[in-house]
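Undergrad: This structure is in structure tokens; I'll ask about it shortly.
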Amino acid sequence: MIEDELLKWKFKSGSKDALQRIYEKYRDYLLTLAMALVNDASLAEDIVHDVFVTFAQSSDTFKLRGSLKGYLATCAVNRCRDQIRASKRQPLSLDEDIPMKSVFNLPDTRMISDEQSRQIADAMAQLPYEQREVIALHLNAAMKLRHIARLQNVPASTIKGRYQYGLQKLRSALNGRL
Amino acid sequence: MRPADQIENIIKKMSFKAGPEMDKDLWAKTSKARNEFNKTILAPSQHNIGRIIMRSPITKLAIAAVVIIACLIGVSLWRTTGSGIALADVLARIEKIKAFRYKWSMKMTSEDPNKPYNFEGCATELISQEYGSITKSGEPGPNGGESTFEEHYFSPQKKTRIDIWHKQKRYSKAELDDVHVEQIQKSSNNRGDPLAYLKEIVERKYKSLGRATIDGNEVEVFQTTDPNYPTVGFKNPQVDVRIWVDVKTRLPVRYEQKLTEQTGDGNRFSQQIVMYDFQWDVPVDAAEFEPPIPDGYTVTVIKLPPNNEETAIQGLKQCVELFGKYPERITDVYQRVKLLLSEPRGDTLPAERLQEEIKGLTEDEIKNKLLMPIRGLERFGCRLKWDNKDPAYYGKTVTPKDADKVLARWKVSDSEYRVIYGDLHAETVTKEKLAELEKALPK
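Residue numbers (this note's numbering), protein chains in the order written: chain L, 1 to 178; chain R, 1001 to 1443.
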């Protein structure tokens, strides 16, 4: 916690070392969160890339309050939502996140994970997005349900419902496979 | 079927890591973005504008600490210590001083062997009631010297702020309006938000530790160890704040603040701020407040628009002119447009339009004419949010043709809201009228 406060502070002071530390500290965390939400290695990489690029350019506007981890997770979630929305719409508009050109042809070899993680991500991909987001934020991003409710702008009871329903479906989907 | 907690644990264990190649690419692009950002515009946000002499967070702490001194020496505890020094008298003396200089240093250390951390910073400050302020911050040099990597000059007379970044060999000049200047002065004169924080500090109990000698001068030392002393980034730290006051001049000569925190794993984290070399009532020359810009430094001139409704409307107009529609969100619209400029995708309409618009323009023209209204729009949106004005924005569904639909709104009083409509006319409406208007918005 204190380290994050200092990192935020140093980052705002223009320290590249702080940016690198933030990147190293939260890269895999964001990658896992993005995978839980989009289950697409290439897209997840783009999302994490996008979060860090925007973050790197935000030292003058970045607010020095609240949790850095939560802030980055929220950025990633917003981008995931945008990407999912964008995939349903064409053409690209100003308001969608601007996907960076992917130079990667073999995204799967670029990301390291075990078989179990891939199976979980596959199972989560079968859930409606709202349920997936609640589960990923709560279990993978360690966000409290009431914070998720605030983020999604819905009552806490709805979030609890989404969480329970989602978990139930995952339990059935993963039963016997792991 | 697995028990709930088991399935939760399984999901928690899901892990994806970047391979070396991905890691290399991700960091390269993040780092590149950072470098490019540093080369281009780095104007202060509205938040920072309000704290001009606190541009650097380090400076912010230092200034806060100076204010702490001022407050500690008297705002609420007008009493003598039995030694003859009344702290309120010290404060009154400081208030009469036209200009003063001081130095400060800060150290932060973590004893955690797994996360060792050391930070050292230092700065010199010159504060003048007449000419403004100068902050030169950097880090301690190897032989007791100091290396300066940032300089900040604020002139209320000229209504400018100039920031110099030596490492990047660049500087920026911000032209301020009266509102910006007032905001800065408010924060630097203890009347802004730091005041509430610092008032709390001066209400703490303190005691005299008796007399001592510094540089041959007799001083009296005061100390507070109140655990409720407000701190930044610390949780229940051990507090030791001391101030040395010259018995003859009744002015501070040294200030020390030491905070120590015991972390959960038994390690200690500490921060020490020392202010020293105070020179009170020094003569200052206007020329000193002229920033010495070294040759070869690149400049960015920043003409910040006023942070008001008119600016926001200009920004919305600019978005329509550039992209044919309103942005879906305004709190990050400038960042997005900048991203669109740096990573243009030729096959999209916004990028095409933007590329067309910037043809033949200089970098300054792009930043100050083309993008500044959008920057102003983003700042206005962020400010409303920070100020808890209950803002809402409906650019996703409202178009420039929707003269009767609410595009944006924010609270101006308990019963009234200001509304900007789709055709960009604005009016103040009651809470009830707003509810009707918002009911009619497309889902």
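Virtual Cβ for every residue (Gly too), placed ideally from N, Cα, C.
Can you pull the chain R residues whose beta carbon is under 8 Å from the beta carbon of L:Asp206, in chain order?
TA: Look at the range of chain L in this structure, 1 to 178, and you will see that residue 206 of chain L is not part of it.
Undergrad: Here's the rule I'm using: 16 or more other beta-carbon atoms within 10 Å means buried, otherwise exposed. How should R:Val1067 be labelled?
TA: Walking along the second sequence from the start, residue 1067 of chain R turns up at place 67. Summary for R:Val1067: the model assigns pLDDT 46, below 50, so the residue's position carries little reliability, and this model does not support an answer.
Undergrad: By how many angstroms is the C-alpha of R:Glu1150 removed from the C-alpha of R:Pro1252?
TA: Here residue 1252 of chain R corresponds to residue number 252 of the second sequence, with the count starting at 1. Here residue 1150 of chain R corresponds to residue number 150 of the second sequence, with the count starting at 1. Spanning the two alpha carbons is a distance of roughly 26 Å.
Undergrad: Going by CA-CA distance only, name the one from L:Arg171, L:Leu19, L:Cys75 that's closest to R:Thr1331.
TA: Within the second sequence, residue 1331 of chain R is the residue found at index 331, counting from 1. Checked all of L:Arg171, L:Leu19, L:Cys75; the closest Cα to R:Thr1331 is L:Cys75.
Undergrad: For R:Ala1123, which residues in chain L fall below 7 Å Cβ to Cβ?
TA: Reading the second sequence from its first residue, position 123 is the one you call residue 1123 of chain R. Correct list: empty, because the minimum Cβ distance to chain L is about 12 Å.
Undergrad: From the DSSP output, read off the bridge partner residues of R:Leu1259.
TA: In the second sequence, the residue the question calls residue 1259 of chain R occupies position 259. Answer is R:Val1239, R:Gln1271.
Undergrad: Within 10 angstroms of its Cβ, does R:Ala1212 collect 16 or more other Cβ (buried), or is it exposed?
TA: Residue 1212 of chain R sits at position 212 when you count from the first residue of the second sequence. R:Ala1212 is exposed by the Cβ-count criterion.
Undergrad: By alpha-carbon positions, which one of R:Arg1409, R:Asn1307, R:Phe1016 ends up nearest to R:Leu1377?
TA: What you label residue 1377 of chain R is simply residue 377 of the second sequence in a count that begins at 1. With distances taken between Cα atoms, R:Leu1377 lies closest to R:Asn1307.
Undergrad: Counting along the chain, where does the alpha helix (DSSP H) carrying R:Gln1223 start and finish?
TA: As a first step, residue 1223 of chain R must be located in the second sequence, where it is residue number 223. Not the alpha helix (DSSP H): R:Gln1223 falls in the beta strand (DSSP E), residues 1217-1224.
Undergrad: Measure how close the beta-carbons of R:Val1282 and R:Ala1099 come, nearest whole angstrom, since I'm counting them as under 8 Å.
TA: In the second sequence, residue 1282 of chain R corresponds to position 282, counting from 1. In the second sequence, residue 1099 of chain R corresponds to position 99, counting from 1. With a Cβ gap of about 5 Å, R:Val1282 and R:Ala1099 count as contacting.
Undergrad: Check the Cβ-Cβ distances between R:Ala1033 and every residue of chain L, and say whether any is below 8 Å.
TA: As a first step, residue 1033 of chain R must be located in the second sequence, where it is residue number 33. Closer than 8 Å to some Cβ of chain L, the Cβ of R:Ala1033 qualifies, so yes.
Undergrad: Could you tell me the distance, in whole angstroms, from the CA atom of L:Ser58 to the CA atom of R:Gln1335?
TA: Numbered from its first residue, the first sequence carries residue 58 of chain L at position 58. Numbered from its first residue, the second sequence carries residue 1335 of chain R at position 335. Approximately 8 Å, taken between the alpha carbons.
Undergrad: Could you pull out every residue in the same chain whose Cβ sits closer than 7 Å to the Cβ of R:Thr1430, ignoring the five residues on either side in sequence?
TA: For the purposes of this step, residue 1430 of chain R is taken as residue 430 along the second sequence, with counting starting at 1. Cβ neighbours of R:Thr1430 beyond the five flanking positions: Ser1415, Glu1416.
Undergrad: Consider the Cβ of R:Lys1169: report whether some Cβ of chain L lies at a distance smaller than 8 Å.
TA: Within the second sequence, numbered from 1, the residue matching residue 1169 of chain R stands at position 169. Not closer than 8 Å to any Cβ of chain L, the Cβ of R:Lys1169 fails to qualify, so no.
Undergrad: How about L:Asn39: is its C-beta nearer than 8 Å to some C-beta of chain R?
TA: For this step, residue 39 of chain L is matched to residue 39 along the first sequence. Judged by the 8 Å Cβ criterion, L:Asn39 is not in contact with chain R.
Undergrad: Do the region 1287-1305 of chain R and the region 1136-1143 of chain R meet, that is, are 3 or more Cβ pairs less than 8 Å apart?
TA: No, they do not touch.
Undergrad: Taking 8 Å as the threshold (C-beta atoms), are R:Met1022 and L:Ser117 in contact?
TA: Locating residue 117 of chain L in the first sequence gives position 117, counting from the first residue. Locating residue 1022 of chain R in the second sequence gives position 22, counting from the first residue. It is not a contact, given that the beta carbons lie outside the stated cut-off.
Undergrad: Rounded C-beta distance between L:Ala173 and L:Ala121? I'm assuming under 8 Å.
TA: For the purposes of this step, residue 173 of chain L is identified with residue 173 of the first sequence, where counting begins at 1. For the purposes of this step, residue 121 of chain L is identified with residue 121 of the first sequence, where counting begins at 1. Contact doesn't hold; Cβ gap of about 12 Å is too wide.
Undergrad: Roughly how many angstroms lie between the CA atoms of R:Glu1008 and L:Arg171, to the nearest whole one?
TA: Residue mapping note: residue 1008 of chain R aligns to position 8 of the second sequence, counting from 1. Residue mapping note: residue 171 of chain L aligns to position 171 of the first sequence, counting from 1. Whole-angstrom Cα-Cα distance: 9 Å.
Undergrad: Would R:Pro1400 and R:Pro1305 qualify as a contact pair, given that the criterion is a beta-carbon distance under 8 Å?
TA: Start at 1 with the first residue of the second sequence, and residue 1400 of chain R comes out as number 400. Start at 1 with the first residue of the second sequence, and residue 1305 of chain R comes out as number 305. Not closer than 8 Å, so no.
Undergrad: Given a limit of 9 Å on CB to CB distance, which residues of the region 10-29 of chain L reach chain R?
TA: Here the close residues are Lys10, Lys12, Ser13, Gly14, Lys16, Leu19, Gln20, Tyr23, Glu24, Arg27, Asp28.
Undergrad: Opposite R:Glu1416 in the DSSP bridges: which residues?
TA: Here residue 1416 of chain R refers to the residue found at position 416 of the second sequence. The partner list for R:Glu1416 (beta bridge, DSSP) reads R:Thr1430.
Undergrad: Nearest CA to the CA of L:Ala141: which residue from L:Tyr165, L:Gln83, L:Leu33?
TA: Within the first sequence, the letter at position 141 stands for residue 141 of chain L. Minimum Cα distance to L:Ala141 is reached at L:Leu33.
Undergrad: Rounded to the nearest angstrom, what separates R:Gly1315 and R:Arg1375 at their Cα positions?
TA: Counting from 1 along the second sequence, the entry for residue 1315 of chain R is found at position 315. Counting from 1 along the second sequence, the entry for residue 1375 of chain R is found at position 375. Going by the C-alpha atoms only, they are around 7 Å apart.
Undergrad: Compare the C-beta of R:Thr1030 against all C-beta atoms of chain L and say whether one is closer than 8 Å.
TA: If you number the second sequence from 1, residue 1030 of chain R lands on position 30. For R:Thr1030, the answer is yes, since a Cβ of chain L falls inside 8 Å of its Cβ.
Undergrad: How about R:Ala1136: is its C-beta nearer than 8 Å to some C-beta of chain L?
TA: Counting from one through the second sequence, the residue named residue 1136 of chain R turns up at place 136. Residue identity check: residue 1136 of chain R is Lys in the sequence provided, not Ala. It does not: the Cβ of R:Lys1136 has no partner Cβ on chain L nearer than 8 Å.
Undergrad: Between R:Tyr1117 and chain L, is there a C-beta pair that is closer than 8 Å?
TA: The residue you call residue 1117 of chain R lines up with position 117 of the second sequence. So yes, R:Tyr1117 belongs to the interface.
Undergrad: Going by beta-carbon coordinates alone, are L:Leu37 and L:Val48 separated by less than 8 Å?
TA: For the purposes of this step, residue 37 of chain L is identified with residue 37 of the first sequence, where counting begins at 1. For the purposes of this step, residue 48 of chain L is identified with residue 48 of the first sequence, where counting begins at 1. No. Outside cutoff.
Undergrad: So, using beta-carbon positions, are R:Ile1162 and R:Lys1169 closer together than 8 Å?
TA: Position 162 of the second sequence, counted from the first residue, corresponds to residue 1162 of chain R. Position 169 of the second sequence, counted from the first residue, corresponds to residue 1169 of chain R. Against a cut-off of 8 Å, the Cβ pair of R:Lys1169 and R:Ile1162 comes out as no contact.
Undergrad: Does L:Ser42 have its Cβ less than 8 Å from a Cβ in chain R?
TA: Here residue 42 of chain L corresponds to residue number 42 of the first sequence, with the count starting at 1. So, not an interface residue.
Undergrad: Check for me: the alpha helix (DSSP H) holding L:Val134 runs from which residue to which?
TA: Here residue 134 of chain L refers to the residue found at position 134 when the first sequence is read from its first residue. Taken as a continuous stretch (DSSP letters only), the alpha helix (DSSP H) holding L:Val134 covers 129-135.
Undergrad: Can you list, in chain order, the residues of its chain with a C-beta nearer than 8 Å to that of L:Gln20? Leave out the 5 residues immediately preceding and following it.
TA: Here residue 20 of chain L is taken as the residue at index 20 of the first sequence, counted from 1. So the list is empty, once near-sequence residues are dropped.
Undergrad: Check whether the Cβ atoms of R:Leu1424 and R:Lys1325 lie closer than 8 Å to each other.
TA: Your numbering for residue 1424 of chain R matches position 424 in the second sequence. Your numbering for residue 1325 of chain R matches position 325 in the second sequence. Cβ atoms of R:Leu1424 and R:Lys1325: not closer than 8 Å.
Undergrad: Report yes if the C-beta distance between R:Ser1128 and R:Phe1269 is below 8 Å; otherwise report no.
TA: The sequence position of residue 1128 of chain R within the second sequence is 128, counting from 1. The sequence position of residue 1269 of chain R within the second sequence is 269, counting from 1. The answer is no: Cβ separation not under 8 Å.
Undergrad: When the cut-off is 8 Å and only beta carbons count, does L:His49 lie next to chain R?
TA: Reading the first sequence from its first residue, position 49 is the one you call residue 49 of chain L. Output row for L:His49: interface = yes.
Undergrad: Looking at the secondary structure, which residues open and close the beta strand (DSSP E) in which R:Glu1120 lies?
TA: Position 120 of the second sequence, counted from the first residue, corresponds to residue 1120 of chain R. Here the beta strand (DSSP E) through R:Glu1120 covers 1117-1128.
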